[in-house]
Structure formats: structure tokens, C-alpha cells
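This report refers to the structure that appears directly beneath it.
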Amino acid sequence: MTLASEIASLVEDAINVLREKGETLSTAESLTAGSLSSAITSIPGSSDVFLGGITAYQSSIKASHLGVSEELIAKHTVFSEEVAIAMAKGALKSFGSTWAISTT
């Protein structure tokens, strides 16, 4: 099994669990530039649980679209756990999903 097929299998498992529980997912991406959303939506049936994603490559977009404060970014850097958490919270708010995944 290749790494790509292992990842696809994990994503498919996650989609199935979310579907069974009636829960939803959104993403907030920076470094991955939409690749995570692409991996999720490549799985048949993902539209049952995946609501959407925001690719916020620039700090100004993290602030305007995800509500990540410029002060938080300045204090911790865009690569920090704190910013990743703030991005995920922004996706939860924007999409109203049960779960959100962020990448910095």
C-alpha cells in the first residue's frame, strides 16, 4: 500500500465515521493551499459531510476570512499551534461544521 492510498483510506474512514454520526467537516488551509480539501473531496460520498474550506495563504486573509487576529499572528507566527487553532475555530464559525481541520 502506498502512502497516497493509506491517506485516502484514512480520509474515507473519517468520512464514514462523520456520516454515521451525522457530523460535518470544514477546512482552513494555508501551507497546503487547498490540497487537504482536494484529498477529502476526491473520496466518493464526501459531499455528505464536507461543507467547504478556506485557503488563507496570506495573513490578511486569515484575519479577514477566519477571524485570526493580526496580534496573534505577530506574537506566535503563522506556523504556530495557536494560529492553527484560531484558523480551525474560524472555519467552524464560517461553515457551521461540527469539526474543522486547519493547516499552517
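Everything in the sequence shown is counted per my numbering, starting at 2 for the first residue and increasing by one. Every residue gets a Cβ at the ideal spot worked out from N, C-alpha and C, and that includes glycine. Values in this document were obtained by computation on a predicted structure and should not be read as measured data.
Could you tell me if residue i is buried or exposed, where buried requires 16 or more neighbouring beta carbons within 10 angstroms of its beta carbon?
i, result
"G91", "buried"
"K94", "exposed"
"T105", "buried"
"S39", "exposed"
"S27", "buried"
In angstroms, rounded to a whole number, what distance separates the CA positions of residue i and residue j?
i, j, result
"I8", "T42", "13 angstroms"
"I16", "I44", "8 angstroms"
"I74", "S60", "8 angstroms"
"V79", "D49", "31 angstroms"
"M2", "S10", "10 angstroms"
Which residue from the options puts its Cα closest to that of residue i?
i, options, result
"S47", "Y58, V69, G23, S103", "G23"
"A101", "E71, L37, S81, S70", "L37"
What whole-angstrom Cβ distance do residue i and residue j have, given they're in contact under 8 angstroms?
i, j, result
"M88", "A57", "7 angstroms"
"L52", "T25", "5 angstroms"
"A29", "G54", "7 angstroms"
"S103", "A85", "5 angstroms"
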